[in-house]
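Structure record follows, encoded as structure tokens.
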Amino acid sequence: MMPQYIEPLFRPPSEARSLIFQITLGCSQNTCTFCGMYKGKQFSIRPVAEVIEEIAGIPERYKPAIERVFLADGDALVYPFDGLVEILDALKAAFPQLTRIGAYASPQSLTTKDSEQLRQLRNRKLRILYFGLESGDDATLAAINKRFTSDGMAQQAIKAREAGIKLSVTAILGLAGRKGSLSHAHATAAWVNRVNPEFFSLLTLFHRHNDDFVRSLDQCTHRDLMLEAREMLLHLAPAKTILRSNHVSNFLNLAGSYPKDRERLLVDVDTALERVRRIPGFLDSVPKYTEEYY
């Protein structure tokens, strides 16, 4: 049986060439007020046998070409440990060239696995987790109903890193509105400095089944968002982190590594600010990007 995807299906940009298996449907922590990814899905865990049947159903001629697998949906790490081990073992057996398995992970799902279990999963090629921090600012986290403090999320993230699993962390520009912009920027940078994830990515708040939350904010203008990004970049000082701002929601694209590219990234923002000052009304307008299909 080939994979039968139940839409919507999301994956990180870096998993574009990965084979995807939905081992859960929806998100177990589907209460965040800013997020509309899985609002139309009820969370459920697919049976192990069903997933393994899909793995076995990949045609033999394609199996040697599979190097990466991504486990969906939004919180696959919450899958019960014994069943997840069976799935990872089946993936390793089916795809001889497999080098990496990735998955989304919420802070809640990380609480369901202890350090030794995470190490065992890592040894079975679960090598990267995509972690939605959203903000390092506790007031902002409370406002979006994240259900975790920044310290609680840091503890869970560090546990994963100490188990040898790479972390790709995302934060969202504009999430705190104009009033909380500086606090959001500074606290998020401090969180990244503490955890030192291998990857840190910026998204920009946009409309997708979250109109009530967006309307509750004094929304950031393009100027506010660029200055918020600059403050974050200015205060970032991780030991070694690759930074990206290349999500479809972003109008300011950034790419570099900390600490090596810190000064160049700041110059990139300043250059972009100077360039858009020539566009009448741009800096004082609010981004209009929206996704309506799901």
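Per our numbering, the very first residue in the sequence shown carries number 45; after that it's consecutive. For glycine and all other residues, C-beta sits at the position ideal for the given N, C-alpha and C.
Query, Result
"Does the Cβ of F192 lie closer than 7 Å to at least one heavy atom of the ligand MG?", "Looking for the ligand MG in the displayed structure turns up nothing, as the structure carries no ligands at all."
"Would you say the region 215-233 touches the region 148-165, given that touching needs at least three Cβ pairs under 8 Å?", "no"
"Does the beta-carbon distance from V311 to R274 come in below 8 Å?", "no"
"Counting pairs of beta carbons, one from the region 177-189 and one from the region 231-244, are three or more of them closer than 8 Å?", "yes"
"Over what stretch of residues does the beta strand (DSSP E) that includes G146 continue unbroken?", "R144 to A149"
"Which of the three DSSP states, helix, strand or coil, is assigned to A220?", "coil"
"L341 and T265 look like a contact to me (Cβ under 8 Å); what is the Cβ gap, rounded to whole Å?", "Since the displayed the chain opens at 45 and closes at 338, residue 341 lies outside it and no answer follows."
"Tell me the DSSP secondary structure of R171 in three-state form.", "strand"
"Indicate the three-state DSSP secondary structure (helix, strand or coil) for R90 in the structure shown.", "coil"
"With D119 and C71 assumed to form a contact (beta carbons below 8 Å), what rounded beta-carbon distance in angstroms separates them?", "5 Å"
"Figure out for me which residue from K210, P57, K190 and V122 has the closest Cα to the Cα of F87.", "V122"
"Secondary structure at I110, three-state DSSP: helix, strand or coil?", "coil"
"Tell me whether the beta-carbon of V113 lies closer than 8 Å to the beta-carbon of I145.", "yes"
"Looking at C-alpha atoms only, which residue of R259, L296, T75 and I209 is the closest neighbour of T315?", "L296"
"What are the boundary residues of the alpha helix (DSSP H) that F257 is part of?", "D255 to R259"
"Straight-line CA distance for R252 to M81?", "7 Å"
"What separation, rounded to the nearest whole angstrom, lies between the Cα atoms of N189 and F250?", "17 Å"
"Going by other Cβ atoms of all chains shown within 10 Å of its Cβ, with 16 needed for buried, is E59 buried or exposed?", "buried"
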